[in-house]
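Q: The structure follows.
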Amino acid sequence: MIASVRGAVLEVRTHSVVVQAGAFGVEVLAPAPTLARCALGDEVTLHAHLVVREDSLTLYGFGERDALTVFEHLLGVTGVGPKMALGLLSTLAPALIADAVAREDAALLTSAPGVGKRTAERLVVELRSKLPPELAAGAPGAHRVAHPAVEDAIAALVALGYREGQVRSQVQGLAADEPAASAEALIRSALAKLR
37 MIASVRGAVL EVRTHSVVVQ AGAFGVEVLA PAPTLARCAL GDEVTLHAHL
87 VVREDSLTLY GFGERDALTV FEHLLGVTGV GPKMALGLLS TLAPALIADA
137 VAREDAALLT SAPGVGKRTA ERLVVELRSK LPPELAAGAP GAHRVAHPAV
187 EDAIAALVAL GYREGQVRSQ VQGLAADEPA ASAEALIRSA LAKLR
């Protein structure tokens with residue numbers, strides 16, 4: 037098996053990155069946060085998972101080990117393939133997925149493309165005992181005192197057309213940094229980061 041890929045970034049594509057590995061340029065499919073950290077010519081190390089199918093060998097890569105761990109657990113869920121797992125990790129941080137599973141928040145999981153209510157509920161049921169609890173502890177605001185403006189800011193951003201999973205981690209992180217911030221301030225700061 038291939039555990040990791042290290043080399044210079046030759047090309048960043050919409051859903052993948054091409055990494056120089058020895059004499060080869062290896063295409064590695066990756067979630068959006070990993071792709072965002074890859075720049076042409078940068079030296080990168082990606083934790084990898086190889087999916088072997090009858091007609092293809094597909095390599096998936098992640099900038100952090102937690103993302104790989106969550107990806108592999110997601111693949112073990114009935115009805116979840118690599119494309120859906122990658123979509124979840126592109127929309128939600130690994131810690132946020134683990135936190136949503138621990139809190140049985142299926143609604144947050146549905147913010148990922150292709151994840152409906154039934155699939156989200158299945159994710160919660162099948163992953164509840166499998167994901168390491170320390171993963172959820174890393175979620176922004178996992179140990180926070182309730183911040184009254186957070187839910188208002190999230191609701192406003194969702195009304196503006198952003199996906200809940202996309203904005204929740206941003207707003208919770210901002211609220212953790214600035215506990216006294218109003219909903220308006222959180223919305224302004226989140227919009228600046230999301231653009």
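For what it's worth, my numbering labels the leading residue of the sequence shown as 37, then goes sequentially. From the three backbone atoms N, C-alpha and C, an ideal C-beta is built for every residue, glycine too.
(1) Provide the residue(s) that pair with Gly-79 in DSSP beta bridges, ordered along the chain.
(2) I'd like the list of long-range same chain contacts for Val-181, defined as Cβ closer than 6 Å, with 5 residues on each side in sequence excluded.
(3) Taking only runs of the alpha helix (DSSP H) that begin and end inside the stretch 92-137, which ones reach a length of at least 4 residues, in chain order?
(4) Which of the three DSSP states, helix, strand or coil, is assigned to Val-55?
(5) What is the residue span of the beta strand (DSSP E) that Glu-214 lies within?
(6) So what's Ala-84 in DSSP terms, helix, strand or just coil?
(7) If you reduce the DSSP assignment to three classes, tell me which class Val-64 lands in.
(8) Between which residues of its own chain and Gln-206 is the CB-CB distance below 6 Å, once the five residues before and five after are set aside?
(9) Taking 8 Å as the threshold, find out whether the stretch 106-113 comes into contact with the stretch 159-171 through three or more Cβ pairs.
(10) Any heavy atom of the ligand ZN within a distance shorter than 7 Å of the CB on Leu-76?
(11) Quick one: give me the first and last residue of the alpha helix (DSSP H) that Glu-220 is part of.
(12) Under 8 Å between the Cβ atoms of Leu-82 and Ser-40?
(13) Thinking C-alpha only, which one of Glu-200, Ser-126, Pro-168, Ala-211 is nearest Thr-146?
(14) How would you write the range of the alpha helix (DSSP H) that Pro-184 sits in, first residue to last?
(15) Which residue from Gly-58, Val-62, Arg-224 puts its Cα closest to that of Ala-192?
(16) Hey, Ala-142 and Lys-153 are a contact pair by Cβ (cut 8 Å); roughly how many whole angstroms apart?
(17) Residues in its own chain within less than 6 Å of Pro-67 by CB, not counting five upstream and five downstream?
(18) Spatial neighbours of Met-37 within its chain, please: C-beta separation below 7 Å, excluding the five flanking residues on both sides.
(19) Restricting to Cα atoms, I'd like to know which of Tyr-198, Leu-76, Ala-212, Arg-42 is closest to Phe-98.
A: Per the coordinate set shown:
(1) Indexing the sequence shown from 1 puts residue 79 at position 43. Looking at the sequence shown, residue 79 is not Gly but Glu. According to DSSP, which records beta bridges pairwise, Glu-79 is partnered with Ala-44.
(2) Locating residue 181 in the sequence shown gives position 145, where the first residue counts as 1. Bear in mind that a pLDDT of 43 at Val-181, under 50, signals an unreliable position, so the number given afterwards is only what the model happens to contain. Same-chain partners within the cutoff: there are none.
(3) DSSP assignment within the stretch 92-137 yields the following whole alpha helix (DSSP H) runs of 4 residues or more, N-terminal first: 101-111, 118-127.
(4) Position 19 of the sequence shown, counted from the first residue, corresponds to residue 55. In the three-state DSSP reduction, Val-55 falls in the strand class (E or B).
(5) Here residue 214 is taken as the residue at index 178 of the sequence shown, counted from 1. Careful: Glu-214 lies outside any beta strand (DSSP E) and carries neither H nor E.
(6) Residue mapping note: residue 84 aligns to position 48 of the sequence shown, counting from 1. Strand.
(7) One-based indexing of the sequence shown puts residue 64 at position 28. Of the three classes helix, strand and coil, the one that applies to Val-64 here is strand, per DSSP.
(8) For the purposes of this step, residue 206 is taken as residue 170 along the sequence shown, with counting starting at 1. So the list reads Ala-226, Lys-229, once near-sequence residues are dropped.
(9) As far as the Cβ criterion goes, the stretch 106-113 touches the stretch 159-171, which means the pair count is three or higher.
(10) Summarising the ligand content, the structure contains no ligands, and the ligand ZN is consequently not present.
(11) Numbered from 1 along the sequence shown, position 184 holds the residue referred to as residue 220. The continuous alpha helix (DSSP H) containing Glu-220 extends over residues 219-230.
(12) Against the sequence shown, residue 82 aligns to sequence position 46. Against the sequence shown, residue 40 aligns to sequence position 4. Against a cut-off of 8 Å, the Cβ pair of Ser-40 and Leu-82 comes out as a contact.
(13) As a position in the sequence shown, residue 146 is number 110, starting the count at 1. With respect to the C-alpha of Thr-146, the residue from Glu-200, Ser-126, Pro-168, Ala-211 having the closest C-alpha is Glu-200.
(14) Taking the first residue of the sequence shown as 1, we reach residue 184 at position 148. Per DSSP, Pro-184 is one residue of the alpha helix (DSSP H) stretching across 184-195.
(15) Taking the first residue of the sequence shown as position 1, residue 192 is located at position 156. When only C-alpha atoms are compared, the closest one is Arg-224.
(16) Here residue 142 corresponds to residue number 106 of the sequence shown, with the count starting at 1. Here residue 153 corresponds to residue number 117 of the sequence shown, with the count starting at 1. Contact holds; Cβ gap of about 7 Å.
(17) Working through the sequence shown from its first residue, we reach residue 67 at position 31. Closer than 6 Å at Cβ, skipping near neighbours: Leu-122, Leu-125, Ser-126.
(18) As a first step, residue 37 is located in the sequence shown; it is residue number 1 there, counting from the start. Excluding positions up to five away in sequence, the list reads Leu-86.
(19) Walking along the sequence shown from the start, residue 98 turns up at place 62. The shortest Cα separation from Phe-98 among Tyr-198, Leu-76, Ala-212, Arg-42 belongs to Arg-42.
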